[in-house]
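Just below is one structure, and these are the notes that go with it.
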Amino acid sequence: MTLPQTLLDKLWSAHEVLLREDDMSLLWVDRHWVHEGSHHAFGKIAARDLPVKEPSLTFAVVDHYAPTMRNKPASGSIGRMIDTLQANAKAHDLKIFDLNDTDQGIVHVISPEQGITLPGLLINCGDSHTSTHGAFGALSFGVGATEVAHILATQTVWQAKPKSMRITINGELPPSVTAKDMALHWIAELGAGGARGYAIEYAGSAVRALSMEGRMTLCNLSIEGGARLGMIAPDEVTFDYLEGRPYSPTGSEWENAMRYWATLQSDYSAHFDKKVTIDAKDIAPTVTWGTSPDQALPITGVIPDPSRLEAKSSSAAEDALDYMGLSSGKPIAGTPIDRVFIGSCTNGRIEDLRSAASVLRGRKSKVPGMVSPGSTPIKVQAEMEGLDRIFIEAGLDWVASGCSMCVGMNGDLAKAGERCASSTNRNFPGRQGRGARTHLMAPAMVAAAAVTGTITDVRKLINEVTQ
Amino acid sequence: MAGWSNHTGLAIGLPIDNIDTDQLIPARFMSASRAEGYGDYLLHDMRRNQDGSLDESFPLNTNVKTSVVIAGRNFGSGSSREAAVYALADAGVRAVIAPSFGDIFSANSVNNGLLPATVSEKIYEQIIHIIGANAVELTINLETATVSLEGVEFAFFIDPSWQMKLIKGWDDIDLTLEHAAEITGFRQNRIQTAEWAWPSLVD
Ligand code: SF4
């Protein structure tokens, strides 16, 4: 009898070309995504005169540097990054989702949208939020430029097998609590390095109840808790999402795939190196107060006093409060903001736009801000639903798709000292611009912050509507 | 990439937790070509005043010959940008010693000959205490995984396969190409048993 296996075990062994004596596995890569930032890697293979080994498994996308004002051409070095990717895609005969293509978007949004992401695949990209695709039951992780070059040249990646962790979230989420809150909640509990060295499998009824969009948000943020991988066993929700997508298998291949995908679950009584259980009812709308994603608290909470934290968190908390311009002991709700951003691979999907729009409908934003859909198809969909009008009438900029203010590479930045309520994934110092202060939260919470001009409990605004 | 076993150089302390890759090199500099060198961008916003001039009190600025950095927990967390390692390497840094590192950052470091040496919180505190605000000469022995300064020796941890890779200066592409036949065999088997794993819409 074989030992019960975790989903990680099954996916790992399905991709292991060989296991070296020092426990490093050489893994086969089914899908490899490159973007503008991959220029270092293309340079490395060019220097050795190596071709791209599997062009049909390699996809390119313009997202990190994509100008969100498409009518304004990208300036100097930003334009050059895009040109370089186009030239590399052409030279190596790669499918490129180009700036003005109708299927362009952020890599972690369009790969599932196109059916390029599937259960059971190993997916790599030179971007840490590649963990997103684990939502489909794929083995998916971010790599650096040297590893990107290695994958381009060999279609394989060396990797030590991570330890396994299961985060079980059971029960029902309270109203207005989302996948973003689930993620910020566990990261605040375990710490930004709490899952370092682990692959996380998310399980439990609250996870099962999430849509694919929500599952992607949850897996996306795995890296912010230190894990390189997050995953969820595929089920009917997964299959329904994928059926009929442009790159999804069809006919007998779909049938074969489905038969295999149904086996992609951790066996009953499989061993996990670490198990965490969370009750969904304990999760509230959550916001960050500091400069690391684990510095987060429920919207009803009070900004912590560094001297009361454990010694090891205390100096980091002091630095964070200093950077964020906040004082301890005050409720986080009511903190005035200067700007909002809705978008990114974490929360730029249609469901996210709908939830933000439902708060903004018929209301005005007190601060400037930007809404950038995660992909061009999502932009079209949102416009069909009239969501763009809601954002525009609220006074926000409705812009094209790209990474935009998640990372600011395209020049979309907040100013020094500005406080930004953001649906993105990193509140690091300088992430949204030098001196910019980022508060991470769910899209509806960003909308609530826009309406009131302060960090606000979205449930109050929703109650206003229903009363 | 050349391998190395011993390094003696000047170490400074940056006793700050969570120095993430966005701080190591802010994204706005990442469109530069590597040929220009990334050293000037290292910790750009932390070591410079708003007008771009160097903050004279920042240890990296007062000790330009620094080759070892002792930093707080969770060093290099965040994005996969290898540019963070390029910035350190181009500024002459050969090793970072910290209680913990971001995963992808560590892998990127080793791929560029830069040592991410993990030490216990206790040893970290001791080293930081010895160094204080000065630059102190220190010696790293990669074979024994030890670091010595001011006559005291401390153990650090480095994954054994990374230790070997740093010492030998191995390049993964060269190593992997030796396994070309196994990779081809794996591919053939996968296409036969999981044809669905090839994208259907290949144009
Ligand atoms: S939206 Fe942000 S996190 Fe996502 S791929 Fe772009 S830069 Fe990375």
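These protein sequences, in sequence, are chains A and B.
Numbering-wise (our numbering), the first sequence opens with residue 399 and increments by one.
Numbering-wise (our numbering), the second sequence opens with residue 877 and increments by one.
Every residue, glycine too, gets a C-beta built ideally from N, C-alpha and C.
Since this is a predicted model, take the numbers as computed values, not measurements.
Asked, Found
"Give a single yes or no on whether A:Ile504 has its beta carbon closer than 6 Å to a heavy atom of ligand 1.", "yes"
"Would you decide whether B:Ala1033 is buried or exposed? Buried here means 16 or more other CB atoms lie within 10 Å of its CB.", "For the sequence presented, residue 1033 of chain B should be read as Phe rather than Ala. Exposed, because fewer than 16 other Cβ atoms sit within 10 Å of the Cβ of B:Phe1033."
"Go through its chain and collect everything with a Cβ distance to A:Leu859's Cβ below 7 Å, but skip five positions before and after it.", "Val757, Ala846 and Val849"
"Can you name the residues of chain B whose CB is closer than 9 Å to the CB of A:Thr675?", "Chain B residues near A:Thr675: none, gap ~24 Å exceeds 9 Å."
"Quick check: is the beta carbon of B:Glu1054 nearer than 7 Å to any beta carbon in chain A?", "no"
"Less than 7 Å between the beta carbons of B:Thr1022 and B:Ala1031, yes or no?", "yes"
"May I ask you to list the residues that DSSP assigns as paired with A:Lys493?", "A:Phe457"
"Less than 7 Å separating the beta-carbons of A:Arg564 and A:Glu599?", "yes"
"Since A:Pro647 meets chain B, which of its residues come closer than 7 Å, beta carbon to beta carbon?", "Trp1072 and Ser1076"
"Where DSSP assigns a beta bridge to A:Val774, which residues make up the other side?", "The amino acid occupying residue 774 of chain A in the given sequence is Thr; Val does not appear at that position. Beta-bridge pairing links A:Thr774 to no other residue."
"Within the 7 Å Cβ cut-off, does A:Glu651 reach chain B?", "yes"
"Taking C-beta pairs closer than 8 Å, name the residues in chain A that B:Pro902 reaches, listed in chain order.", "Gly828 and Arg832"
"Please give me, in chain order, every unbroken run of the alpha helix (DSSP H) with length at least 4 that falls completely inside the segment 487-553 of chain A.", "505-511 and 543-552"
"Can you pull the chain A residues whose beta carbon is under 7 Å from the beta carbon of B:Gln899, in chain order?", "Phe826, Pro827 and Gly828"
"Taking 6 Å as the line, does the beta carbon of A:Ser742 fall inside it for any heavy atom of ligand 1?", "yes"
"Alpha carbons only, please: which of B:Tyr962, B:Tyr1000 and B:Asn1065 is nearest the one belonging to B:Phe905?", "B:Tyr962"
"Which residues in the same chain have their Cβ closer than 6 Å to the Cβ of B:Ala967, if we skip the five residues on either side of it in sequence?", "Gly915 and Leu918"
"What runs of the alpha helix (DSSP H), each 4 residues or longer, lie entirely inside the segment 692-773 of chain A?", "709-722, 742-745 and 748-758"
"Using the three-state DSSP reduction, which class does A:Leu448 fall into: helix, strand or coil?", "coil"
"Does the distance from the C-beta atom of A:His527 to that of A:Val685 stay below 7 Å?", "no"
"Please tell me whether B:Ser955 has its Cβ less than 7 Å away from any Cβ of chain A.", "yes"
"Per DSSP, what kind of secondary structure is A:Gln663 in: helix, strand or coil?", "coil"
"Alpha carbon to alpha carbon, how far is A:Pro691 from A:Asp855? Give it in angstroms, no decimals.", "19 Å"
"Residues of chain B with CB under 9 Å from A:Gly806, in chain order?", "Pro902, Ala903 and Arg904"
"Excluding the 5 residues flanking B:Ser883 on each side, which residues of the same chain have their C-beta closer than 6 Å to its C-beta?", "At residue 883 of chain B the sequence reads His, which differs from the Ser that was named. For B:His883, where only same-chain residues beyond five positions count, the Cβ hits under 6 Å are Arg970 and Ile1016."
"Please name the residue or residues paired with A:Thr854 in a DSSP beta bridge.", "Answer is none; A:Thr854 lacks a bridge partner."
"Is it true that the CB of A:Leu417 sits closer than 7 Å to the CB of A:Ser411?", "no"
"According to DSSP, is B:Gly889 part of a helix, a strand, or is it coil?", "strand"
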